[in-house]
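Structure record follows, encoded as structure tokens.
Numbering (the numbering used here), first residue to last: 2 to 166.
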């Protein structure tokens with residue numbers, strides 16, 4: 002029975018080639034669009050889900066308007082926003098502040114205790130963070146303690162690949 006249905010469908014497609022091509026193209030575009038949208042949704046829903054408290058971590062975004070028109074949008078905010086929100090809203094457990102130097106600025110890192118004298122590295126993609134950043138996020142540390150790693154001035158946390166340079 003199903004063989005007969007498939008045979009009739011195939012003969013109809015051969016008789017109406019243009020309409021069959023339009024239908025096949027529409028089906029292909031629809032499936033491709035669905036797949037792209039599902040990939041986007043899956044990525045957005047899984048972003049930073051590896052953190053232990055991912056459901057309770059939020060980002061405060063800075064939007065600047067002029068004449069009711071958005072002129073600037075940034076994930077960075079003024080340094081006093083986090084402590085002010087924490088003071089005004091008792092639901093906020095802690096806050097962490099980050100400052101991005103941007104990819105155009107070079108940061109010179111000096112390793113003073115290197116054998117044979119100090120070694121300097123130039124690096125881009127550098128973030129300043131306060132001491133509450135690492136306890137809030139669940140990044141795995143190979144060496145040191147996340148609670149005290151950024152507590153002192155001029156202290157830093159680097160990736161394993163950067164440490165091997």
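Every residue, glycine too, gets a C-beta built ideally from N, C-alpha and C. Note that this is a predicted model, so its numbers are computed, not measured.
- Here the alpha carbon of residue 157 sits roughly 16 Å from the alpha carbon of residue 138.
- At the C-beta level, residue 99 and residue 61 stay beyond 8 Å of one another.
- Taking C-beta separations shorter than 7 Å and ignoring five residues to either side along the sequence, the partners of residue 71 in its chain run 64, following chain order.
- For residue 19, the three-state secondary structure derived from DSSP is helix.
- With a cutoff of 8 Å on beta-carbon distance, residue 124 and residue 143 are scored as not near each other.
- For residue 131 against residue 151, the beta-carbon gap comes to about 7 Å, under 8 Å, which counts as contact.
- In this chain, the beta strand (DSSP E) harbouring residue 130 covers 128 to 130.
- The C-beta of residue 134 has 16 or more other C-beta atoms within 10 Å across all chains shown, which makes the residue buried.
- When the Cα atoms are used, residue 48 and residue 127 turn out to be separated by approximately 21 Å.
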